[in-house]
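Here's what the structure looks like:
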């Protein structure tokens, strides 16, 4: 239950590393929310310094699916006021996918933050099935040389009797 007071709650994903020179990182998770539309909401943030500072995920990449769909009102004391966020009712679990584009380093931390105002309470926000994926870039290789078959002499035809 979301309180009827201005509050912020956070959920952290432990520090994770990325492969230097690898393909872009992709974050996928399922979430379900029922929040006061436009007044309570949640955001996803990323730290590239082990959790000392955080910025909105859109600073680093873009949503492929299930992205923010509202803005938190500047009234009523929500700590996330003025930010794009997940707000309202998702009507069940949705899948959110984010492409981070460029790999940033070995000390990345994800943080989901939910902010509420000092008015109506709601059911809340659930996060499930978080996956962080990155592939190695293929390394071009030179194929081994093909063996050339040895020439064999062609047998001479025999005369028929």
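In the numbering used here, the protein residues as written are 498 to 658. Backbone N, C-alpha and C fix where the C-beta goes; we use that ideal spot for every residue, glycine too. Keep in mind the model is a prediction, meaning the values are calculated, not measured.
Opening and closing residue of the beta strand (DSSP E) in which residue i lies
i: residue 541; result: 538-544
i: residue 554; result: From DSSP, residue 554 is part of no beta strand (DSSP E); its letter is neither H nor E.
i: residue 661; result: Lying outside 498 to 658, the shown extent of the chain, residue 661 is not represented and no answer is given.
i: residue 609; result: 605-613
i: residue 523; result: 523-531
i: residue 562; result: 559-562
Identity of the residue in the options nearest residue i by Cα
i: residue 529; options: 620, 513, 605; result: 620
i: residue 606; options: 597, 614, 612, 533; result: 597
i: residue 569; options: 553, 592, 657, 612; result: 612
i: residue 581; options: 648, 531, 628, 610; result: 610
i: residue 536; options: 548, 617, 526; result: 617
Local Cβ density within 10 Å of residue i, reported as buried at 16 or more and exposed below that
i: residue 614; result: buried
i: residue 588; result: exposed
i: residue 586; result: exposed
i: residue 625; result: exposed
i: residue 539; result: buried
For residue i, three-class secondary structure by DSSP
i: residue 569; result: coil
i: residue 587; result: coil
i: residue 618; result: coil
i: residue 581; result: strand
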